[in-house]
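Residue numbers for the sequence shown follow my numbering, so the first one is 57 and each next one is one higher.
We put the beta carbon where it would ideally sit given N, CA and C, even for glycine.
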Amino acid sequence: MAITLRPLTPAFGAKITGVDLRDLDEVGFRTIQEAFEEYSLLLFPAQELDDPAQIDFTSRFGPLEKTYPNIGNNFRTGYVACMTNLDEHGKLLAEEDPRVQVRIGQRFWHTDSSFKRVPATASLLHARVLPPEGGETEFASMRVAYESLSEDQRKALDGLKAVHHYAYSRRHMDVDLTDQKTDDALPPVPQALIRQNPTNGRKNIYVSGHASHIQNMDDAEGRLLLDELMALCTRPEFTYSHSWSLNDLIMYDNRTLLHRARSYDITRYPRILHRTTLAGSGPAV
């Protein structure tokens, strides 16, 4: 069966069928690789992957990023992050449990690893267990948002850098979800406010819920600019909401897309997504 590609929205995203990612030849991989650069988000339905298969597919694009040990992953590190509301015995966690609070914290718009000196290139989420309702994931294109700006607006953003900090986003929660060890390991880092895709040359805004302020700008003025850009990037015409089906795999470009989780009855229904992350190739400054 030939690979078939169908756009998910007029702005970005594509659904790819006719492929088994466990048995993908080089021609098929190149087709997917080119589609990723063009569409930013790829949906592969009905992919029965275990962790080794997910790692194998991700690693075809380049080196993987290891998870940083934190309360959300029981301070474990590895190439697969288990995004779940279950404990190690398969029991539902209480809402006040810090591990659940980490999942709730993922309901703000963000890009994965923007708080690292070298941000992640892409993340791949595979649906293993799903609630009967809710729990969608929303994506927003910072590339399409940038392309909606006037030339003068684009020039005004050139050269600006936003400071991203893991602790900044985590301390907006009701529970403090960071500690001194994490603060020391993940200090604030500047990232260019405008990024450019090295493959196709297209530019995009680069903001995130991890961004606290604009470097060398008055704090209030910088905060206002970040909020305005976030509002622009997440306008309905620049977004896609995905309702998960079992064994869906979604690959999304952290360089160009924001994403957030949507709510569901987190203390009633189990949910398990496994994430692998494609490491970045250089600082975004």
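Item	Value
Should T65 be listed as close to the ligand GDP, given that the test is whether its C-beta is under 7 Å from any heavy atom?	Summarising the ligand content, the structure contains no ligands, and the ligand GDP is consequently not present.
State the DSSP-derived secondary structure class of A183, mapped to helix, strand or coil.	strand
Using the Cβ count rule (16 or more neighbours within 10 Å means buried), how would you classify R199?	buried
Helix, strand or coil: which one does DSSP assign to Y308?	strand
Closest to P108 by CA distance: which of V136, F294 and A248 is it?	V136
So, N303 versus A183, is the Cβ gap smaller than 8 Å?	yes
Output the distance between the C-alpha atoms of D112 and Q103, rounded to the nearest integer angstrom.	13 Å
Output needed for A276: all residues of its chain with C-beta closer than 7 Å, excluding positions within five of it in sequence on either side, in chain order.	none
Does the Cβ of Q110 have 16 or more other Cβ atoms within 10 Å, making it buried, or fewer, making it exposed?	buried
Is there contact between the region 190 to 205 and the region 287 to 302, where contact requires at least three CB pairs shorter than 8 Å?	yes
Taking the alpha carbon of Q247 as the reference point, which residue from T60, A218 and F85 has its own alpha carbon closest?	A218
Along the chain, where does the alpha helix (DSSP H) that runs through M286 open and close?	D275 to C289
Alpha carbon to alpha carbon, how far is E82 from S170? Give it in angstroms, no decimals.	31 Å
Go ahead and pull the three-state DSSP assignment for L329.	strand
Using the C-alpha atoms, what's the distance from R327 back to A101?	For the record, residue 101 in the displayed sequence is Pro; it is not Ala. So the two alpha carbons sit approximately 18 Å from each other.
On the DSSP letters alone, give me the boundaries of the beta strand (DSSP E) that A201 sits inside.	Segment M198 to E203 is the alpha helix (DSSP H) holding A201; no beta strand (DSSP E) there.
Under the DSSP definition of a beta bridge, which residues are partnered with L148?	L142
Would you say D309 and F92 are within 8 Å of each other, going by their C-beta atoms?	yes
Following the continuous beta strand (DSSP E) through V158, name the residue where it begins and the one where it ends.	Run containing V158: none in the beta strand (DSSP E); it sits in the alpha helix (DSSP H), P154 to G161.
What's the gap between the Cα of G215 and the Cα of G161?	30 Å
Going by DSSP in three states, R210 sits in which element: helix, strand or coil?	helix
Answer yes or no: do I72 and L105 have a C-beta to C-beta separation smaller than 8 Å?	no
Go ahead and label E151 buried or exposed: buried means 16 or more other beta carbons lie within 10 angstroms of its beta carbon, across all protein chains shown.	exposed
How many angstroms separate the CA atom of A154 from the CA atom of T323?	Residue identity differs from the one stated: residue 154 is Pro in this sequence, not Ala. Answer to the nearest angstrom: the Cα atoms are 13 Å apart.
Name the two residues that bound the continuous alpha helix (DSSP H) containing F92.	E82 to Y95
Whose CA, out of S206, S225 and R116, lies closest to the CA of N79?	According to the sequence as given, residue 79 is Asp; it is not Asn. Minimum Cα distance to D79 is reached at R116.
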